[in-house]
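Counting in UniProt numbering, the sequence shown runs from 1 upward without gaps. All C-beta atoms in this analysis are idealised placements derived from N, C-alpha and C, irrespective of residue type, glycine included. Written below as structure tokens is the structure these notes are about.
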Amino acid sequence: MHLDTKRLPLLKGQKATDKRDYLFVAIDDFSRELYAAILPDKTADSAAKFLTEHLIDPCPYLIECVYSDNGTEYKGSANHAFGVACYENGIGQKFTRVARPQTNGKAERVIRTLMEMWHEKQSFESPEHR
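Put into structure tokens, the structure is as follows:
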């Protein structure tokens, strides 16, 4: 399962200094099935919530391993929330090489496609509208 995170563009009328939501995505390496959720921040807790509530629960397949970049939402100390969630669910973790986003190209590309097809074609007025 390839994972990535993207800070969402400003909403209509939102200032650059306002807090923005984040899009978490996961794409299955075999089936290319996509899982996505919008969460309020890019923390390890949000990544763990995405994993447990928006990926493990709805996914009909056994998730053996997640592949992500080295962002702080996915990688950290021994008690890192995302790492703990992976461990508790028997999921291995692999990381891209540093400064090589193309090694997680599936997730990078799905985010680019979502932004092109969804967010660039419509102006959203609120998080609920998004």
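Per DSSP, what kind of secondary structure is Lys94 in: helix, strand or coil? In the structure shown, Lys94 falls within a strand segment according to DSSP collapsed to helix, strand and coil.
From which residue to which residue does the beta strand (DSSP E) around Arg109 run? From DSSP, Arg109 is part of no beta strand (DSSP E) but of the alpha helix (DSSP H) over 105 to 114.
Spell out the partners DSSP gives Leu23 in its beta bridges. Note: Leu23 is bridge-paired with Lys6, Ile38 in the DSSP secondary-structure output.
Closest by C-alpha distance to Phe24, when choosing among Pro40, Thr17, Tyr87, Pro127: The residue among Pro40, Thr17, Tyr87, Pro127 with its C-alpha nearest the C-alpha of Phe24 is Pro40.
Check the C-beta distance from Leu3 over to Tyr67 and give it rounded, since I have them as a contact under 8 Å. Contact flag correct, Cβ pair sits at about 7 Å.
Would Ala44 and Gly105 be called neighbours here (beta carbons separated by less than 9 Å)? The criterion of a C-beta distance shorter than 9 Å is not satisfied by Ala44 and Gly105.
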